[in-house]
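To keep things clear, I will list the structure first and then write my remarks on it.
Protein chains in written order, with the numbering used here: chain E, 16 to 126; chain Y, 146 to 699.
As structure tokens, then:
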């Protein structure tokens, strides 16, 4: 249950990061300039998908309605964490989702 | 006169209503944030009570033994069972329904003396009454909540780059940074802000909007509630009253039947002491025969199966053939706020007499909204989400308040004497409300451990310390230069938070409160960081200029 909670938080974070990278300003700030421009346009839908996975992970922790309530909190806090990481530790901000993917894989492998 | 645009008018509204009510709102939000963990704070404030969790059936048996020895003739026994959040066992005899009776050691059954304290409940009460007379406080808080809604909506309208600056935070840039922080916490947590403010208003719908009740029920609250519940009478009103026992049996049987279909009916009807029980009720009390109470273990297990974890039991007519046992669930087995729900058993046979009532849709709507605000559901993970989200809300209000003064710091001389005075007042009040309240809150915790245990009216003294500290911070904010005042108050609050675990040395503590103390230390670190940051700008000016030139070069 705790793993699912961590996974849903990290997925919410990764989703917000996706939305963030979809914006030109933050793409310039975070992404390598060598990456082609279409990658940026992929980021927002990808982020949306990750947010969807986040609510799925949350549904392992809480039953239906509560998971939705929690999900709003999770994406808000995920976004806030990203906001604080961006100016202070941009590299860490990019690498956190990798950990999220790992936790997510663990949750689904364990179920 | 030049015509103002909508954005300009709303901006004016946002600024001034935000400022005037912001002070009040910060106090409401901060105490509300702490009230998320009110039971945990309560437990911390009674260090004499053990925190080790124990099997409920075992604890209930200890409570029964104690009650049978001390109050064999009482008409009602109440037992507050240890639960995940409040691991203490308390008992009382008589009509008193709430906890706060005699604390018992759940292992030995011996009575425990806990200190008198304002408890975590103080934050909860302050959150919605501001420690004023209840109804006045509720009205003032309701007004502030309306102002919060106004500020939220106007804030959305006047925020020009709501999507473009969704993730933008530029630290160490003075006014820019304050605005960024205010915007980002406001926008990212917008669902939470809207939800918590609106549901806060919905809780007291009858106080804020009594017109329908006055028109349809002549202002009779009980009549309204009866209608809402859809049942002719409610057990609470007649709990423990003898003459209505037969009637109650009738109603509860019917209710169980209505709610749970025919399957519950045989259980309800068959096991109820039908005519005999009714007759016993109508006669004087001693007529009922003595009968041993059913074993509580299976009964608790059955109650837990139906209503989830159990918070407490009331036993009417213990030791007699017409004994009734009522089990109350802990709040938060579902989103709906289930205050006042219970399940009733026959005290001798242990049969289910009445299942918990299901709310009708209209009442369910209100109760779900109240439940969303009370945040009792979803266990500790959800509680932490609420806590962190409301901390961010506090940060939004605080940054907004600071932003007001930072914005005017440069141009207040141009606004004349009144403007300058107002600006100075706002600046000082900001310090006392934001840093001072944090200091007063942690001061209350310190007072809890440092005031002598034998002090009369001890709980009242703790509250007095809270307000005296708060008042002192106002005085301090007035006499000290503003930056020093900020730093000193934040620093002191940080030190008190960080030092909270040291208070365990001040007296005997049974049980451990690791999470509360760890959180206090974390909050202390946060306050210390804020204190350090507040002191930073003068040194960072050259760096900022460098960053700016760098940005321009890009």
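Quick reminder that beta carbons are idealized off the backbone N, C-alpha and C, glycines included.
For residue 35 of chain E, name the three-state secondary structure that DSSP assigns.
-> helix
Which listed residue (Y/185, Y/471, Y/261 and Y/536) has its alpha carbon closest to that of residue 603 of chain Y | The closest CA to that of residue 603 of chain Y, considering only Y/185, Y/471, Y/261 and Y/536, is found on Y/261.
What's the C-alpha gap between residue 578 of chain Y and residue 168 of chain Y?
-> Cα-Cα distance, rounded: 6 Å.
Select from the region 80-94 of chain E all residues with a C-beta closer than 8 Å to any C-beta belonging to chain Y, and list them in chain order.
-> Listed by position, the residues of the region 80-94 of chain E near chain Y (Cβ gap below 8 Å) are 80, 81, 84, 85, 87, 88, 89, 91, 92 and 94.
Please confirm if residue 121 of chain E has its CB atom under 7 Å from at least one CB of chain Y.
-> False, the Cβ-Cβ gap to chain Y never drops below 7 Å.
Does the beta carbon of residue 108 of chain E come closer than 7 Å to any beta carbon on chain Y?
-> No Cβ of chain Y is located within less than 7 Å of the beta carbon of residue 108 of chain E.
Got a sec: which bits of the region 460-491 of chain Y sit with their beta carbon under 9 Å from any beta carbon on chain E, in order along the chain?
-> 479 and 480
Amino acids of chain Y, ordered along the chain, whose beta-carbon sits closer than 9 Å to that of residue 77 of chain E | By Cβ distance, chain Y contributes 522, 523, 524, 526 and 527.
Looking at the C-beta of residue 586 of chain Y, does it have a partner C-beta in chain E at a distance below 7 Å?
-> no
State buried or exposed for residue 165 of chain Y, treating a residue as buried only when at least 16 other CB atoms are found within 10 Å of its CB.
-> exposed
How is the beta strand (DSSP E) around residue 491 of chain Y delimited, first residue to last?
-> Counting along the chain, the beta strand (DSSP E) containing residue 491 of chain Y begins and ends at 488-491.
May I ask which residues mark the beginning and end of the alpha helix (DSSP H) holding residue 279 of chain Y?
-> 279-303
Does any CB atom of chain Y fall closer than 7 Å to the CB of residue 35 of chain E?
-> True, the Cβ-Cβ gap to chain Y drops below 7 Å.
List the residues that DSSP assigns as beta-bridge partners of residue 587 of chain Y.
-> Answer is none; residue 587 of chain Y lacks a bridge partner.
Chain-ordered neighbours of residue 41 of chain E on chain Y, where CB pairs are closer than 8 Å | 312
Identity of the residue in Y/296, Y/570 and Y/176 nearest residue 269 of chain Y by Cα = Y/176
Looking at the structure shown, is residue 625 of chain Y part of a helix, part of a strand, or coil, going by DSSP?
-> coil
For residue 330 of chain Y, return the contacting residues in chain E, with the cut-off set at a CB-CB distance below 8 Å.
-> 95
Would you call residue 624 of chain Y buried or exposed, if buried means 16 or more other Cβ atoms sit within 10 Å of its Cβ?
-> Residue 624 of chain Y comes out exposed.
For the beta strand (DSSP E) that residue 479 of chain Y lies in, which residues bound it at each end?
-> From DSSP, residue 479 of chain Y is part of no beta strand (DSSP E); its letter is neither H nor E.
CB contact check: residue 23 of chain E to chain Y, cutoff 7 Å = Against chain Y, the CB of residue 23 of chain E has no partner CB under 7 Å away; the residue lies outside that interface.
Under 7 Å (Cβ pairs) to chain E, residues found in the region 536-551 of chain Y = 537
In its own chain, which residues sit with a C-beta less than 7 Å from the C-beta of residue 231 of chain Y, not counting the 5 before and 5 after it?
-> 184, 187 and 188
Straight-line Cα distance separating residue 248 of chain Y from residue 574 of chain Y = Each residue's Cα considered, the two are about 42 Å apart.
Return the CA-CA distance between residue 215 of chain Y and residue 487 of chain Y, expressed in angstroms with no decimal places.
-> Residue 215 of chain Y and residue 487 of chain Y: Cα-Cα distance of roughly 26 Å.
7 Å Cβ cutoff, residue 48 of chain E in contact with chain Y = no
Sub-7 Å separation of residue 327 of chain Y and residue 675 of chain Y beta-carbons = no
Alpha carbon to alpha carbon, what distance is there between residue 117 of chain E and residue 136 of chain E?
-> Since the first and last residues shown for chain E are 16 and 126, residue 136 of chain E lies out of range.
Measure the beta-carbon distance from residue 35 of chain E to residue 97 of chain E and round it to whole angstroms, keeping in mind my assumption that it falls under 8 Å.
-> 6 Å
Helix, strand or coil: how does DSSP classify residue 222 of chain Y here?
-> strand
Beta-carbon proximity list for residue 474 of chain Y, same chain, < 7 Å, skipping 5 on both sides | 452, 453, 454, 455, 456, 483 and 486
Can a CB atom of chain E be found closer than 7 Å to the CB of residue 154 of chain Y?
-> Proximity of residue 154 of chain Y to chain E, defined by a Cβ-Cβ separation below 7 Å, is not satisfied.
Please report the Cβ distance between residue 342 of chain Y and residue 294 of chain Y, rounded to the nearest whole angstrom; I am assuming they are in contact, meaning their Cβ atoms lie under 8 Å.
-> 6 Å
is_contact[residue 642 of chain Y, chain E] using C-beta, thresh 7 Å = no
Excluding the 5 residues preceding and the 5 following residue 337 of chain Y in the sequence, name in chain order all residues of the same chain whose CB lies nearer than 6 Å to its CB.
-> Contacts found: 534.
So with Cβ pairs under 7 Å, would you call residue 100 of chain E a contact of chain Y?
-> no
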